[in-house]
Amino acid sequence: MVARPYAPHPGAGVDDDAGRLVAEDERKRLGEVAVHDVEVARANAARGDPDQRFPLVGRLELDVLDRHRLSHLPEHGCLDPHGREPTAPPSYNRAVRAAVLREIDRPLEVEDVDLADPGPGQVAVRLAASGICHSDWNVITGATTNPLPAVLGHEGAGVVEALGEGVTDVAVGDHVVLSWLPSCGKCFYCVRGRGVLCDMAMADMFAGTLPGGSLALSQDGEPIYHYGFLSAFAERCVVPEICCVPIREDVPLDVAALVGCAVMTGFGAAVLRARVEPGSVAVVYGAGGVGLSAVLGCKLAGAQAIVAADPVAFKRKTALALGATHAVDPRTEDVAELARELTDGRGADYAFDTAGAPGVVAQAYVAVRRGGVVVAVGLPPEGETADLPASDLPREEKVVTGSFYGSCRPHQDMPLVLDLYMDGRLDLGALVTRTFTLDEVNEGFAAMNAGEVARGVIRF
Ligand SMILES: NC(=O)c1ccc[n+]([C@@H]2O[C@H](COP(=O)([O-])OP(=O)(O)OC[C@H]3O[C@@H](n4cnc5c(N)ncnc54)[C@H](O)[C@@H]3O)[C@@H](O)[C@H]2O)c1
Ligand SMILES: [Zn+2]
Ligand SMILES: [Zn+2]
0 MVARPYAPHP GAGVDDDAGR LVAEDERKRL GEVAVHDVEV ARANAARGDP
50 DQRFPLVGRL ELDVLDRHRL SHLPEHGCLD PHGREPTAPP SYNRAVRAAV
100 LREIDRPLEV EDVDLADPGP GQVAVRLAAS GICHSDWNVI TGATTNPLPA
150 VLGHEGAGVV EALGEGVTDV AVGDHVVLSW LPSCGKCFYC VRGRGVLCDM
200 AMADMFAGTL PGGSLALSQD GEPIYHYGFL SAFAERCVVP EICCVPIRED
250 VPLDVAALVG CAVMTGFGAA VLRARVEPGS VAVVYGAGGV GLSAVLGCKL
300 AGAQAIVAAD PVAFKRKTAL ALGATHAVDP RTEDVAELAR ELTDGRGADY
350 AFDTAGAPGV VAQAYVAVRR GGVVVAVGLP PEGETADLPA SDLPREEKVV
400 TGSFYGSCRP HQDMPLVLDL YMDGRLDLGA LVTRTFTLDE VNEGFAAMNA
450 GEVARGVIRF
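So that you can map any letter, position 331 of the sequence shown is 330 in numbering that gives the first Met the number 0, and since no number is skipped, the others follow by simple counting.
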């Protein structure tokens, strides 16, 4: 099947032959919109609750500063940072080994699939490593719906191998983390620095395609769908340029892969969404790849006590090794009671649901103090609801929020996280507890579900 072209930044405001420069007047207009938003947000904050947990104004100000400093939009950079000319697309069409899900509740089948040439705005990446995330498992069980057959995998890192027409932000040979959440840079959310909520990404997320509806995968002329805009359980993948986050080359690529989902999600939930404060008390439900990353984030942010709650003993032990001060089995111990004991009876300042099991958000709600923050990160099966005590909501002023992809801005936050790792301040290496070959992908899922790994990683 022939890939339909993907226009990375469709519509007005896009210049020319390079196809990527935002026109001057559009840039100015968007800059003014952002400045206006900051003023409105500042005025709202001045009238509102001084104990506001999410300093939106600060974030917006940063966005505006970034924009003015870089003097371009959208946020991920339309200008060629390397000063290179766009490269002509090579001939790339090739067969690759990939793990295909054909039906829910069936093992993945590792077989040859056809990978198209990278189209305009697309990049071909040779995978070095792909982490095994519970969100892939949600597709296998049908808890999350995605068109099938599909190549799963959304936590990858590798090396850029070929460029489609007009690609200027990465070059062949660059090491990249793959982001599973492209953003258009132009919609309501993107211009406010909230690319994880991008209209374009949300529209296509469950279509199993690349942004704009194209597919780079097929087999004998039949379509094969993507997952998370990537399909990283494959030797190679073709992804939108904006999904490639260039990183320093001294980072081991299996560690970098985890930053593509678990680390950014858990760390970001703590540091970027909740903005955990020094001296605070946090509870993290679930100590898988995401939860352990939240523990690391809480520790870096200076939390005084971090309670990890997980039914699996190995996970609790790992959480303690990574900085949790307490680790409990929620089946036999009262997590909320422990949180109160640690806080003169108040309850935790923050609680993170990274388990994704039904009912955990409600438990987290009970574990936090009045005005505390509950961050829902785990993804229960579609259709599940979170049952909260409605009359307590107004009285207790607890903040219940979600966090998607750690509320991150991939091009800014992923390199930052990797710098922290390389500086020895974030022990991401400890998360890679076992590696698998692509052929062993089903064993990787079995190990995750048996609670035997912090993160299982496929090495190519
Ligand atoms: N919000 C996002 O952007 C985002 C991104 C990635 C993953 N996720 C979701 O986050 C969740 C965690 O992903 P993961 O890859 O770390 O999964 P994982 O399977 O590695 O870890 C989940 C952990 O939760 C524990 N657990 C299960 N039931 C529990 C309960 N009732 N209380 C406490 N702990 C419990 C398990 O023992 C396990 O250690 C999944 O639901 C996944 O789909 C969300
Ligand atoms: Zn994931
Ligand atoms: Zn957008």
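Every residue gets a Cβ at the ideal spot worked out from N, C-alpha and C, and that includes glycine.
A distance below 7 angstroms between beta-carbons, with the five flanking residues on each side excluded, links Ala142 to the following residues of its chain, in chain order: Pro380, Glu381. Looking from the CA of Ala202, the closest CA among Gln218, Pro119, Leu180 belongs to Leu180. Burial state of Asp173 is buried, judged by a 10 Å Cβ sphere holding 16 or more other Cβ atoms.
Counting along the chain, Glu336 sits inside the alpha helix (DSSP H) bounded by residues 334-340. In this structure, the alpha-carbon of Phe444 lies about 43 angstroms from that of Arg394. The beta carbon of Cys297 is closer than 6 angstroms to those of Ala269, Val275, Ala281, Ile305 in its chain, skipping five residues each way along the sequence.
Proximity to ligand 2 was defined by a C-beta distance below 5 angstroms to any of its heavy atoms, and the residues meeting it, in sequence along the chain, are Cys132, Ser134, Cys260. Collapsing the DSSP output to three states places Leu126 in a strand.
At the C-beta level, Ile246 and Val171 stay beyond 8 angstroms of one another. The straight-line gap separating the alpha-carbon atoms of Val334 and Leu321 is approximately 19 angstroms. Under the three-state reduction of DSSP, Gln362 is assigned to helix. Distances from the CB of Cys197 to the heavy atoms of ligand 3 include at least one below 7 angstroms. Distance from the CA of Gly428 to the CA of Ser406, rounded to the nearest whole angstrom, comes to 23 angstroms. When the alpha-carbon of Ser129 is set against those of Gly450, Asp438, Ser390, the nearest one is in Asp438. Secondary structure remark: continuous alpha helix (DSSP H) runs of at least 4 residues inside the region 372-400, in chain order: 391-395. The C-beta of Ile103 has fewer than 16 other C-beta atoms within 10 Å across all chains shown, which makes the residue exposed. DSSP, reduced to helix, strand and coil, places Tyr349 within a strand of the structure shown.
Boundaries of the beta strand (DSSP E) around Gln218: 216-218.
By the Cβ-count criterion, Phe205 is exposed, with fewer than 16 other Cβ atoms from all chains shown falling within 10 Å of its own Cβ.
As far as DSSP is concerned, Ala206 takes part in no beta bridge. Comparing alpha carbon positions, the residue from Thr342, Tyr349, Gly301, Tyr284 closest to Arg315 is Tyr284. With a 10 Å radius around the Cβ and a threshold of 16 neighbouring Cβ atoms, Asn137 comes out buried. It is roughly 42 angstroms from the alpha-carbon of Asp253 to the alpha-carbon of Asp343. Contact between Arg235 and Val311 is ruled out by a C-beta separation of about 34 angstroms, above the 8 angstroms threshold. Between the region 152-171 and the region 385-405, the count of Cβ pairs shorter than 8 angstroms is below three; the stretches do not touch. Contact check for Leu291 against Gly265 passes: the beta carbons are separated by less than 8 angstroms.
The shortest CA-to-CA distance from Phe403 to any of Ala375, Gln411, Pro414, Lys397 is the one to Ala375.
A residue is called buried when at least 16 other Cβ atoms come within 10 angstroms of its Cβ; Gly194 meets this threshold and is buried. At least one heavy atom of ligand 3 lies closer than 7 angstroms to the C-beta of Cys186. Asp352 and Val360 have their C-alpha atoms spaced approximately 6 angstroms apart. Checking the DSSP bridge columns, you'll see Asp113 partnered with Ala94, Ser217.
In this structure the region 94-102 lies against the region 145-156, because at least three pairs of beta carbons, one per stretch, are closer than 8 angstroms. The distance from the Cβ of Val250 to that of Leu417 is about 5 angstroms, consistent with a contact at the 8 angstroms cut-off. Gly155 counts as buried, since no fewer than 16 other beta carbons sit within 10 angstroms of its beta carbon. With respect to the C-alpha of Leu319, the residue from Leu419, Val238, Asp426, Pro409 having the closest C-alpha is Asp426.
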